[in-house]
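K.L.:
In this note's numbering, the protein residues as written are 4 to 384.
For every residue, glycine included, the Cβ atom is placed at its ideal position computed from N, Cα and C.
1. Beta-carbon within less than 6 angstroms of residue 13's beta-carbon, same chain only, minus the 5 sequence neighbours each way: which residues are those?
2. Is the beta carbon of residue 376 less than 8 angstroms from the beta carbon of residue 245?
3. Following the continuous alpha helix (DSSP H) through residue 314, name the residue where it begins and the one where it ends.
4. Under the DSSP definition of a beta bridge, which residues are partnered with residue 327?
5. Quick one: what does DSSP say residue 195 is sitting in, helix, strand or coil?
6. From residue 334 to residue 224, what distance separates their C-alpha atoms?
7. Use the C-beta contact count for residue 366: other C-beta atoms within 10 angstroms, 16 or more gives buried, fewer gives exposed.
8. When you compare only the Cα positions, how much space is there between residue 243 and residue 182?
9. Measuring alpha carbon to alpha carbon, tell me which residue in 286, 311 and 363 is nearest residue 345.
10. Using the beta-carbon count (16 or more within 10 Å), is residue 259 buried or exposed?
11. Beta carbon of residue 342, beta carbon of residue 254: below 8 angstroms?
12. So, for residue 240: in the same chain, excluding its five sequence neighbours on each side, which residues have a beta-carbon less than 6 angstroms away from its beta-carbon?
13. Taking the straight line between their C-alpha atoms, what separation do you get for residue 38 and residue 17?
14. Where do the N-terminal and C-terminal ends of the alpha helix (DSSP H) with residue 367 fall, by residue?
15. Looking only at C-alpha atoms, which of 195, 264, 247 and 186 sits nearest to residue 220?
16. Can you list, in chain order, the residues of its chain with a C-beta nearer than 6 angstroms to that of residue 178? Leave out the 5 residues immediately preceding and following it.
17. With DSSP collapsed to three states, give me the class of residue 106.
18. What three-state label does DSSP hand residue 290 in the structure shown?
19. Please state the DSSP three-state secondary structure of residue 77.
20. Return the bridge partner residues of residue 150 from the DSSP annotation.
21. Nearest CA to the CA of residue 175: which residue from 188, 264 and 161?
22. Give me, in chain order, the residues of the same chain whose beta-carbon lies closer than 7 angstroms to that of residue 54; leave out the 5 immediate sequence neighbours on both sides.
23. Report the three-state DSSP secondary structure of residue 84 (helix, strand or coil).
24. Which residues bound the alpha helix (DSSP H) around residue 32?
25. Cβ of residue 361 within 8 angstroms of Cβ of residue 188?
26. Considering only the beta carbon of each residue, do residue 249 and residue 278 sit closer than 8 angstroms?
27. Could you tell me the alpha carbon to alpha carbon distance between residue 326 and residue 302, rounded to whole angstroms?
28. Just tell me which of 371, 300 and 32 has its CA closest to the CA of residue 330.
29. Determine whether the beta carbon atoms of residue 309 and residue 257 lie at a separation below 8 angstroms.
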């Protein structure tokens, strides 16, 4: 029985005694009076305890609220879904207005904020190939400026300890790093207004020119951003990541990926995805044996796009013969609440009956565990 149930029971007991006396047209007996008095005292005590616990919860919530601007995040993992058809459709629908005849068409000019497209689970969970490696990196909402914790040292020294002996110390050092969201934006080319009267054309315009452009730019920043100015600090320029270069003569890329997995696993990490250049993935999937037949065995699943059972994402922002292997909880993508799209007829576009749009969002990369990131390099000779 919880506190509120106990309070209700005590109140019910006292009420029944009082109602019984009233029904009998009499006063409470001495014993009944003492019972009612005890119930009242119990109720007051329970009220005080309930208030104390409620106050504790308020403090906990207050601390959680204070943590938000410093990098606090909600429970549950979410993943970016930029460039998806659903995102393009939601943007396009928000840009349409209703004509007097009931049909919908592009509003002449305006601004719309569509929530940053996220999903509750990655396509990997459904056995589908990743459209972007960003779909497998958790995304968390952040303020414009904040801080987060990153692991700098991990030395595990846990061991069996006899009674009375000093316990070994594991060095698990964290450093506080500043974070800020950077704007990634794009302008569309001017397009004839009447072309956009067609809903499919509008969806394509939004999806191909705007949403996809943001995705491509974010991928490039996450992989290669140099951290100068408003650029993100990408994986290539993050200190503390693991490096693996194939030895001269080891040109079998499939074997080298297996070695990279072993390197990450021996460091105590759990691999979750490869990131490859499309040309390197092609080389892996068309490998032939001496008879000229395709020969990758069970190491490659072209339909699900996996190598050694690990999902493979492709990116043109990654140079050929370079790849990444990411471990569990290696990084997160910081994001704001929404992607902003504005459109109108600037300059002489009005006289040309053309429309131009701008889409932008704010993002950051937080590498929380550099040791869970491996950058690999294939050799060709």
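P.N.:
So, from the listed chains and residues:
1. By 1-based counting over the chain shown, the position of residue 13 is 10. These residues qualify, in order along the chain: 42, 45 and 46.
2. Counting from 1 along the chain shown, the entry for residue 376 is found at position 373. Counting from 1 along the chain shown, the entry for residue 245 is found at position 242. Going by C-beta atoms, residue 376 is nearer than 8 angstroms to residue 245.
3. The sequence position of residue 314 within the chain shown is 311, counting from 1. Taken as a continuous stretch (DSSP letters only), residue 314 belongs to no alpha helix (DSSP H), being part of the beta strand (DSSP E) at 313 to 317.
4. Mapped onto the chain shown, residue 327 falls at position 324. Residue 327 is bridged to 278 and 378.
5. Walking along the chain shown from the start, residue 195 turns up at place 192. Secondary structure at residue 195: strand, using DSSP grouped into helix, strand and coil.
6. Taking the chain shown and counting its residues from 1, one reaches residue 334 at position 331. Taking the chain shown and counting its residues from 1, one reaches residue 224 at position 221. For residue 334 and residue 224, the distance between alpha carbons rounds to 14 angstroms.
7. Taking the chain shown and counting its residues from 1, the one referred to as residue 366 is at position 363. Buried, because 16 or more other Cβ atoms sit within 10 Å of the Cβ of residue 366.
8. Along the chain shown, one-based indexing puts residue 243 at 240. Along the chain shown, one-based indexing puts residue 182 at 179. If you take the alpha carbons of residue 243 and residue 182, they lie about 18 angstroms apart.
9. The residue given as residue 345 occupies position 342 in the chain shown. The shortest Cα separation from residue 345 among 286, 311 and 363 belongs to 363.
10. By one-based count along the chain shown, residue 259 stands at place 256. Answer is buried; the Cβ neighbour count reaches 16.
11. For the purposes of this step, residue 342 is identified with residue 339 of the chain shown, where counting begins at 1. For the purposes of this step, residue 254 is identified with residue 251 of the chain shown, where counting begins at 1. No, Cβ-Cβ distance for residue 342 and residue 254 is not below 8 angstroms.
12. Against the chain shown, residue 240 aligns to sequence position 237. Around residue 240: 229 and 230.
13. As a first step, residue 38 is located in the chain shown; it is residue number 35 there, counting from the start. As a first step, residue 17 is located in the chain shown; it is residue number 14 there, counting from the start. Taking the straight line joining both Cα atoms gives about 7 angstroms.
14. Here the question's residue 367 lines up with position 364 in the chain shown. DSSP places residue 367 outside any alpha helix (DSSP H); the residue lies instead in the beta strand (DSSP E), whose first and last residues are 357 to 370.
15. Counting from one through the chain shown, the residue named residue 220 turns up at place 217. Checked all of 195, 264, 247 and 186; the closest Cα to residue 220 is 186.
16. In the chain shown, counting from the first residue as 1, residue 178 sits at position 175. Around residue 178: 153 and 155.
17. Taking the first residue of the chain shown as position 1, residue 106 is located at position 103. In this prediction, residue 106 scores a pLDDT of 49, lower than 50, which makes its location untrustworthy; no coordinate-derived value is stated.
18. Taking the chain shown and counting its residues from 1, one reaches residue 290 at position 287. Shown here, residue 290 sits in coil according to DSSP, grouped into three states, outside any helix or strand.
19. Counting from one through the chain shown, the residue named residue 77 turns up at place 74. Confidence at residue 77 is low in this model, with a pLDDT of 44, below 50, so its placement is unreliable and the value that follows should be read with caution. It is coil, neither helix nor strand.
20. The count along the chain shown starts at 1 and reaches residue 150 at position 147. Under DSSP, residue 150 shares a beta bridge with 181.
21. Position 172 of the chain shown holds residue 175. When each option's Cα is compared against that of residue 175, the closest is 161.
22. Along the chain shown, one-based indexing puts residue 54 at 51. Taking residue 54 as the centre and dropping the five residues before and after it, the same chain places no C-beta closer than 7 angstroms to its C-beta.
23. Along the chain shown, one-based indexing puts residue 84 at 81. Three-state result, residue 84: coil.
24. Walking along the chain shown from the start, residue 32 turns up at place 29. Taken as a continuous stretch (DSSP letters only), residue 32 belongs to no alpha helix (DSSP H), as it is neither H nor E.
25. On the chain shown, residue 361 is found 358 positions in, with the first residue counted as 1. On the chain shown, residue 188 is found 185 positions in, with the first residue counted as 1. Yes, these two residues count as a Cβ contact at 8 angstroms.
26. Numbered from 1 along the chain shown, position 246 holds the residue referred to as residue 249. Numbered from 1 along the chain shown, position 275 holds the residue referred to as residue 278. For the pair residue 249 and residue 278, the CB atoms are not nearer than the 8 angstroms cut-off.
27. Position 323 of the chain shown, counted from the first residue, corresponds to residue 326. Position 299 of the chain shown, counted from the first residue, corresponds to residue 302. One C-alpha to the other measures close to 17 angstroms.
28. Sequence index remark: in the chain shown, residue 330 carries index 327 (1-based). Per the Cα distances, 371.
29. In the chain shown, counting from the first residue as 1, residue 309 sits at position 306. In the chain shown, counting from the first residue as 1, residue 257 sits at position 254. Taking C-beta atoms as the reference points, residue 309 and residue 257 fail to come closer than 8 angstroms.
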